[in-house]
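Visitor: Under the UniProt record's numbering, the first residue of the sequence shown carries the number 1, and numbering increases by one thereafter. The C-beta atom is built at its ideal place from N, Cα and C for all residues, glycine as well. Have a look at this one before I ask anything.
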Amino acid sequence: MKGRSGKWRTTSFSEKDAFGALGDRLRVVAGGIIYAEHPEAVVIVLGGRGQLKSVLGVPTVASIIKQELIKLKVPPKRVIIEEKSGNTFEQLVTLSGIIRRGKYDKIMIISNEYHLPRIRTMIKYDSALNRILHDAKALSAEKIVMRKHHKKWAGIIAKAYAGAAMKQRIRLEKKGVVDIKSGVYKYS
Numbered sequence: 001m002k003g004r005s006g007k008w009r010t011t012s013f014s015e016k017d018a019f020g021a022l023g024d025r026l027r028v029v030a031g032g033i034i035y036a037e038h039p040e041a042v043v044i045v046l047g048g049r050g051q052l053k054s055v056l057g058v059p060t061v062a063s064i065i066k067q068e069l070i071k072l073k074v075p076p077k078r079v080i081i082e083e084k085s086g087n088t089f090e091q092l093v094t095l096s097g098i099i100r101r102g103k104y105d106k107i108m109i110i111s112n113e114y115h116l117p118r119i120r121t122m123i124k125y126d127s128a129l130n131r132i133l134h135d136a137k138a139l140s141a142e143k144i145v146m147r148k149h150h151k152k153w154a155g156i157i158a159k160a161y162a163g164a165a166m167k168q169r170i171r172l173e174k175k176g177v178v179d180i181k182s183g184v185y186k187y188s
């Protein structure tokens with residue numbers, strides 16, 4: 001999202017897109033926390049322009065997140081970015097390729113709580129993803145930030161999850177899980 005300053009940034013829970021509340025800023029904060037706890041880690045950030053791919057001048061999601069992680073004290077050399085994937089499935093496929101080519105002991109996938117069931121289902125039901133990502137831990141950004149900064153985030157997260165925009169997002173995520181399991185999910 002483009003902020004008041006004209007600079008692109010991730011979104012809070014109070015901002016929404018066509019699918020409801022996103023709150024991807026929480027993923028960045030959680031990534032910063034995990035990195036602080038595991039400074040030997042490499043942070044892999046995935047994401048092209050997504051829904052805004054046809055808008056001129058829009059930076060990639062990965063480039064925005066990298067800059068935000070750097071502000072959270074993650075060294076630039078510890079952040080790998082991929083800027084072509086346009087959706088969750090493409091990001092998981094790309095992540096699988098990066099992992100296959102690299103040497104990584106532990107894989108942690110950080111996303112919002114509402115998004116994790118669909119991520120886990122994609123990994124479980126796609127044999128190529130499952131071969132590589134079956135041991136990956138899918139972690140809730142909400143739980144990570146609450147563990148570290150409970151007072152700051154508890155009310156914000158509770159309010160977001162009680163709101164109509166988040167309920168819309170969760171409905172769509174649940175439908176995605178059902179569609180994957182029944183073989184009718186549209187991956188593109």
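Name the one or two DSSP bridge partners that Val79 has.
Guide: For the purposes of this step, residue 79 is taken as the residue at position 79 of the sequence shown. Beta-bridge pairing links Val79 to Val43.
Visitor: Cα separation between Phe13 and Ala164?
Guide: In the sequence shown, counting from the first residue as 1, residue 13 sits at position 13. In the sequence shown, counting from the first residue as 1, residue 164 sits at position 164. If you take the alpha carbons of Phe13 and Ala164, they lie about 11 Å apart.
Visitor: DSSP has Leu139 in a bridge; who is on the other side?
Guide: Counting from 1 along the sequence shown, the entry for residue 139 is found at position 139. Leu139 is bridged to Ile110.
Visitor: Are Arg100 and Val43 close, meaning C-beta to C-beta below 7 Å?
Guide: In the sequence shown, counting from the first residue as 1, residue 100 sits at position 100. In the sequence shown, counting from the first residue as 1, residue 43 sits at position 43. No, the pair does not count as a contact, with Cβ atoms beyond the cut-off.
Visitor: Does Arg27 get closer than 7 Å to chain B when you measure Cβ to Cβ?
Guide: Going by chain labels, chain B is absent from the structure shown, which holds only one protein chain.
Visitor: According to the Cβ coordinates, are Ala30 and Ile110 closer than 7 Å?
Guide: Position 30 of the sequence shown, counted from the first residue, corresponds to residue 30. Position 110 of the sequence shown, counted from the first residue, corresponds to residue 110. Yes, they are a contact pair.
Visitor: Nearest CA to the CA of Ala146: which residue from Ala136, Ala138, Ile157, Lys137?
Guide: As a working mapping, residue 146 is identified with position 146 in the sequence shown. According to the sequence shown, residue 146 is Met rather than Ala. With distances taken between Cα atoms, Met146 lies closest to Ile157.
Visitor: Does the pairing of the stretch 48-67 with the stretch 117-124 give three or more beta-carbon distances under 8 Å?
Guide: Output reads no: the stretch 117-124 does not touch the stretch 48-67.
Visitor: Tell me which residues share the same chain as Gly102 and place their Cβ nearer than 6 Å to its Cβ, disregarding the 5 neighbours each side in the sequence.
Guide: Working through the sequence shown from its first residue, we reach residue 102 at position 102. Result list for Gly102: empty, nothing under 6 Å.
Visitor: Near Tyr125, which residues of its chain fall below 7 Å by C-beta distance, leaving aside the five closest residues on each side in sequence?
Guide: Residue mapping note: residue 125 aligns to position 125 of the sequence shown, counting from 1. Excluding sequence neighbours, Tyr125 sits near Ile180, Lys181.
Visitor: Going straight from the alpha carbon of Ala160 to that of Glu113, what length do you get?
Guide: Numbered from its first residue, the sequence shown carries residue 160 at position 160. Numbered from its first residue, the sequence shown carries residue 113 at position 113. Rounded to whole angstroms, Ala160 to Glu113 spans 12 Å at the Cα level.
Visitor: Assign Lys66 to buried or exposed, taking buried as 16 or more other Cβ atoms, counted over all protein chains shown, within 10 Å of its Cβ.
Guide: Residue numbering aside, residue 66 sits at position 66 when the sequence shown is read from its first letter. Buried, because 16 or more other Cβ atoms sit within 10 Å of the Cβ of Lys66.
Visitor: Measure the alpha-carbon distance for Glu83 versus His150 and round it to whole angstroms.
Guide: Translated into positions along the sequence shown, residue 83 becomes position 83. Translated into positions along the sequence shown, residue 150 becomes position 150. Rounded to the nearest angstrom, the two C-alpha atoms are 32 Å apart.
Visitor: At the level of alpha carbons, what is the spacing between Pro76 and Asp24?
Guide: By 1-based counting over the sequence shown, the position of residue 76 is 76. By 1-based counting over the sequence shown, the position of residue 24 is 24. Using only the alpha carbons, I get a separation of about 20 Å.
Visitor: For Gly155, does the count of other Cβ atoms within 10 angstroms reach 16, so buried, or fall short, so exposed?
Guide: Start at 1 with the first residue of the sequence shown, and residue 155 comes out as number 155. Gly155 should be labelled exposed.
Visitor: Sort Lys174, Met108, Lys152 by Cα distance to His134 and report the nearest one.
Guide: The count along the sequence shown starts at 1 and reaches residue 134 at position 134. Residue Met108 is the option with its Cα nearest to His134.
Visitor: Straight-line CA distance for Val61 to Arg9?
Guide: As a working mapping, residue 61 is identified with position 61 in the sequence shown. As a working mapping, residue 9 is identified with position 9 in the sequence shown. Near 8 Å, if we compare the C-alpha coordinates of Arg9 and Val61.
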